[in-house]
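> One structure follows; several queries about it will come next.
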Amino acid sequence: MPKDDLKIGVFVCECGTNIAGSVDIDTVVEDAKKLGNVVYSTKNRYMCSEPGQAEIKKAIKEEKLDRVIVAACSPRMHEPTFRECVASVGMNPYLVDMANIREQCSWVHMGNREAATTKAKDIMKAYVARARYLQPQDEKEIPVEKATLVIGGGIAGMQSALDLADAGYQVYLVEKEPSLGGLMSKLAKTYPTMDCAI
Ligand code: SF4
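With the working numbering, you'll find the sequence shown wraps up at 322, consecutive numbering, no jumps.
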């Protein structure tokens, strides 16, 4: 169960006009302040910039935040940036989450500011609810054997096995028939040399 006194910080990014052009950012910032456990909510023109990240770090320290939500672009774009940002001030990197209000909101609702703003507020509600359940995670490095199993000794399987072996992997090629070649063995000639396929 999440702690009642959890402190969540919300950081809404304008991304220039990418988000601010379609979403009323001030409304999203103010609405987030009314959500449970949110003790801090602000906006920045470019949250991934140095000044944007500095604002997040400052708030974590001054407001003693337990969780951070960055409402911005897709996590595919900047999740590592913000994980590194919060970790640099001692927060577990898995306690930051990115609410996508750009690709999944402002970009798909361009020209409908009211709908985009309503959706952005709903996305924030969902992410604040989720943030309460985020748990710190430890990263572990485990050595893995560099080996590959290729199933099927037809032309594709054999070529894959050769390419993987050239890339330095140990390869195990498995074929259910007594000989390799697959469908190739049924061809009399192959283009362009017209050699026998077998
Ligand atoms: S964090 Fe994402 S949405 Fe914000 S300025 Fe950077 S790229 Fe744009």
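From the three backbone atoms N, C-alpha and C, an ideal C-beta is built for every residue, glycine too.
Note that this is a predicted model, so its numbers are computed, not measured.
Return yes when the C-beta of H233 is under 6 Å from any heavy atom of ligand 3, and no when it is not.
Here the bound small molecules are ligand 1; ligand 3 is not part of this structure.
> Within 10 Å of its beta-carbon, does R200 have 16 or more other beta-carbons around it, so buried, or fewer, so exposed?
Position 76 of the sequence shown holds residue 200. With fewer than 16 other Cβ atoms within 10 Å, it is exposed.
> Alpha carbon to alpha carbon, how far is K167 from E265?
In the sequence shown, residue 167 corresponds to position 43, counting from 1. In the sequence shown, residue 265 corresponds to position 141, counting from 1. Taking the straight line joining both Cα atoms gives about 36 Å.
> Taking R283 as part of the alpha helix (DSSP H), name the residues at either end of that continuous run.
Within the sequence shown, residue 283 is the residue found at index 159, counting from 1. According to the sequence provided, residue 283 is Gln. The question's Arg does not apply to it. Run containing Q283: I279 to D290, per the alpha helix (DSSP H) assignment.
> Going by DSSP in three states, Y165 sits in which element: helix, strand or coil?
Reading the sequence shown from its first residue, position 41 is the one you call residue 165. According to the sequence provided, residue 165 is Ser. The question's Tyr does not apply to it. Residue state, collapsed to three classes: strand.
> Check the C-beta distance from A195 over to A223 and give it rounded, since I have them as a contact under 8 Å.
As a working note, residue 195 is residue 71 in the sequence shown. As a working note, residue 223 is residue 99 in the sequence shown. Contact flag correct, Cβ pair sits at about 4 Å.
> Any idea which residues DSSP pairs Q294 with across the strands?
Your numbering for residue 294 matches position 170 in the sequence shown. Paired residue(s): A271.
> Could you pull the start and end residues of the alpha helix (DSSP H) that A144 belongs to?
Mapped onto the sequence shown, residue 144 falls at position 20. Start and end: T141 to A144.
> Given 6 Å as the limit, tell me if Y164 has its C-beta closer than that to any heavy atom belonging to ligand 1.
Here residue 164 corresponds to residue number 40 of the sequence shown, with the count starting at 1. Y164: no, Cβ never under 6 Å from ligand 1.
> Hey, is A255 close to ligand 1, as in C-beta under 6 Å from one of its heavy atoms?
Your numbering for residue 255 matches position 131 in the sequence shown. No, since every heavy atom of ligand 1 falls outside the 6 Å radius drawn around the Cβ of A255.
> In whole angstroms, what is the alpha-carbon distance linking V147 and V213?
As a position in the sequence shown, residue 147 is number 23, starting the count at 1. As a position in the sequence shown, residue 213 is number 89, starting the count at 1. The alpha-carbon atoms of V147 and V213 are separated by roughly 30 Å.
> Mind checking whether N216 and P260 have CB atoms under 7 Å apart?
What you label residue 216 is simply residue 92 of the sequence shown in a count that begins at 1. What you label residue 260 is simply residue 136 of the sequence shown in a count that begins at 1. In contact: N216 and P260 (Cβ atoms closer than 7 Å).
> Secondary structure at I193, three-state DSSP: helix, strand or coil?
Walking along the sequence shown from the start, residue 193 turns up at place 69. Correct three-state label for I193: strand.
> Following the continuous alpha helix (DSSP H) through V153, name the residue where it begins and the one where it ends.
Translated into positions along the sequence shown, residue 153 becomes position 29. Start and end: I149 to K157.
> Is the region 181-196 in contact with the region 277-293, if contact means three or more CB pairs nearer than 8 Å?
Not touching, per the Cβ criterion.
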